[in-house]
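Visitor: Heads up: the sequence shown at position 93 corresponds to 148 in the working numbering, and the numbers run straight through without jumps.
Here a beta-carbon is modelled for each residue, glycine too, at the ideal position from N, C-alpha and C.
Quick one: the structure is below, questions incoming.
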Amino acid sequence: MQLGSKAGYAPATMPLRNVFGEALLDVATDNPRVVVLDGDLGNSTMAETVRKAYPERFFNLGIAESNLVGVGAGLAACGLIPWITSFSSFLLCNAYDQIRLAIALSNINAKVLGSHGGITLGKDGPTQMGIEDFALVGGLPTFTMLVPSDPVSMRALVKLATDHVGPVWLRSSRLPLPVIYDEESTFKIGQANIVRQGDDVAIIACGIMTAIALDAAADLAAEGIEARVIDLLSLRPLDVDTIVAAARDTGAVVTAEEHLLTGGMGSNVARVIAQHHPVPMRFVGLADTYTESADPADLLVKYHLTADDIAAAARDAVAAKRAQG
Numbered sequence: 056m057q058l059g060s061k062a063g064y065a066p067a068t069m070p071l072r073n074v075f076g077e078a079l080l081d082v083a084t085d086n087p088r089v090v091v092l093d094g095d096l097g098n099s100t101m102a103e104t105v106r107k108a109y110p111e112r113f114f115n116l117g118i119a120e121s122n123l124v125g126v127g128a129g130l131a132a133c134g135l136i137p138w139i140t141s142f143s144s145f146l147l148c149n150a151y152d153q154i155r156l157a158i159a160l161s162n163i164n165a166k167v168l169g170s171h172g173g174i175t176l177g178k179d180g181p182t183q184m185g186i187e188d189f190a191l192v193g194g195l196p197t198f199t200m201l202v203p204s205d206p207v208s209m210r211a212l213v214k215l216a217t218d219h220v221g222p223v224w225l226r227s228s229r230l231p232l233p234v235i236y237d238e239e240s241t242f243k244i245g246q247a248n249i250v251r252q253g254d255d256v257a258i259i260a261c262g263i264m265t266a267i268a269l270d271a272a273a274d275l276a277a278e279g280i281e282a283r284v285i286d287l288l289s290l291r292p293l294d295v296d297t298i299v300a301a302a303r304d305t306g307a308v309v310t311a312e313e314h315l316l317t318g319g320m321g322s323n324v325a326r327v328i329a330q331h332h333p334v335p336m337r338f339v340g341l342a343d344t345y346t347e348s349a350d351p352a353d354l355l356v357k358y359h360l361t362a363d364d365i366a367a368a369a370r371d372a373v374a375a376k377r378a379q380g
């Protein structure tokens, strides 16, 4: 599975979780206030890079996510910058009360890595797939929510999250992702990036779906449909201006996310468009279902998260736009 290959991007060479591990080590090296908390998954989240370099700043709390969050919040209250790391499914399902009270309600300066988001961790199965994290973290109003889409954006967002004062949720993926951005690219919390220009339809995506959206745009271009592709790296705060401009300029919008459609990124984009500039919209994401253990490529096909699915949704949105005259 070579995401982004139709759009001309080279195959990925490193899983995104490994990029997170390197970026985490970089911020820990730069800032002695950074500490890392692990739920006995450091070799999966790749937070163990800090354990190897700075063992005195790495704390394995074991398989006890509630305690993990509580200790992290306490360290933040003491002036440190904790990165609380585990699978998003474990943190949100086992420690949501602590995340809400100790971090969100207190507006404490803690950073939370939700690793293995989406369904593309594959054969580990649905118990470990974070398919509801956008909705659950979206219910915590003080949290900034960031979703990197490639290695360059992952490194940048880890740095931005560390420097930001306040709670931050960062989603990570197990899959390798192609390099979409060059090293001169700029990133900002609250800013979406336009990664492909087009005026016929806008595809707003995040995470791994950004590379898949670029593949869909390449297929659409062969049919004479030019798609604008927007990488919505910041789910909170949303870049309202870029979203509204896309709706106004193209007249049709498709959203694509590796998350449940209910409570997901697409629903927030739809709210913005409905308030400011209503246009035909279509939504690519998970229906109300859990998935199963399988190869990531097979899961993307079965649950309709492919470039073909995005392209079909874009054609439908464009047809609806044209029908309106």
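(1) By how many angstroms is the C-alpha of G279 removed from the C-alpha of H219?
(2) I want to know whether the stretch 196 to 216 touches the stretch 233 to 244 - three or more CB-CB distances under 8 Å.
(3) Using alpha carbons as the reference points, say which of F113, A372, P110, E312 lies closest to A393.
(4) With DSSP as the reference, label N162 as helix, strand or coil.
(5) How many whole angstroms separate the CB atoms of G169 and G185, which I take to be in contact at a CB cut-off of 8 Å?
(6) When we look at the beta-carbon of A131 and count the other beta-carbons within 10 Å, is it buried (16 or more) or exposed?
(7) Using the Cβ count rule (16 or more neighbours within 10 Å means buried), how would you classify K166?
(8) Who does M200 pair with in a DSSP beta bridge?
(9) Going by C-alpha distance, which of M336, L355, E347, A352 is nearest D371?
(10) I need the straight-line Cα distance from Y151 to A378, nearest angstrom please.
(11) What's the gap between the Cα of L116 and the Cα of G94?
(12) Taking only runs that begin and end inside the stretch 87 to 111, name each unbroken beta strand (DSSP E) of 3 or more residues, in chain order.
(13) With C-beta atoms as the reference, is V256 less than 8 Å away from A276?
(14) DSSP state of L232, grouped into three classes?
(15) In angstroms, rounded to a whole number, what distance separates the CA positions of T217 and V207?
(16) Can you have a look at Q153 and say buried or exposed, based on whether 16 or more other CB atoms are within 10 angstroms of its CB?
(17) Just the Cα atoms here: how many angstroms apart are F338 and A368?
(18) So, at 6 Å on beta carbons, what are the nonlocal neighbours of F113 in its own chain, with the 5 sequence-adjacent residues on each side left out?
(19) Let me check one thing: in DSSP terms, what residues is T258 bridge-paired to?
(20) If I measure Cβ to Cβ from P137 and keep anything under 6 Å in the same chain, skipping five residues before and after, which residues do I get?
(21) In the DSSP assignment, find the beta strand (DSSP E) that holds M184 and state where it starts and stops.
(22) Rounded to a whole number of angstroms, what is the C-alpha to C-alpha distance between A62 and L269?
(23) Looking only at DSSP bridge pairs, what is N248 linked to?
(24) Below 8 Å on the Cβ atoms is my contact criterion, and I expect V299 with V324 to pass it. Report the Cβ-Cβ distance as a whole number of Å.
(25) Can you tell me whether L288 is buried or exposed? The criterion is at least 16 other CB atoms within 10 Å of its CB, across all chains shown.
Guide: The short version:
(1) 42 Å
(2) yes
(3) Lying outside 56 to 380, the shown extent of the chain, residue 393 is not represented and no answer is given.
(4) coil
(5) 6 Å
(6) buried
(7) buried
(8) W224, R291
(9) M336
(10) 45 Å
(11) 6 Å
(12) 89 to 93
(13) no
(14) coil
(15) 16 Å
(16) buried
(17) 7 Å
(18) V91, V105, R106
(19) A quick correction: the sequence has Ile, not Thr, at residue 258. V284, V309.
(20) V90, L92, G127, L130, A131, A165
(21) Careful: M184 lies outside any beta strand (DSSP E) and carries neither H nor E.
(22) 6 Å
(23) D286
(24) Not a contact, Cβ separation roughly 10 Å.
(25) buried
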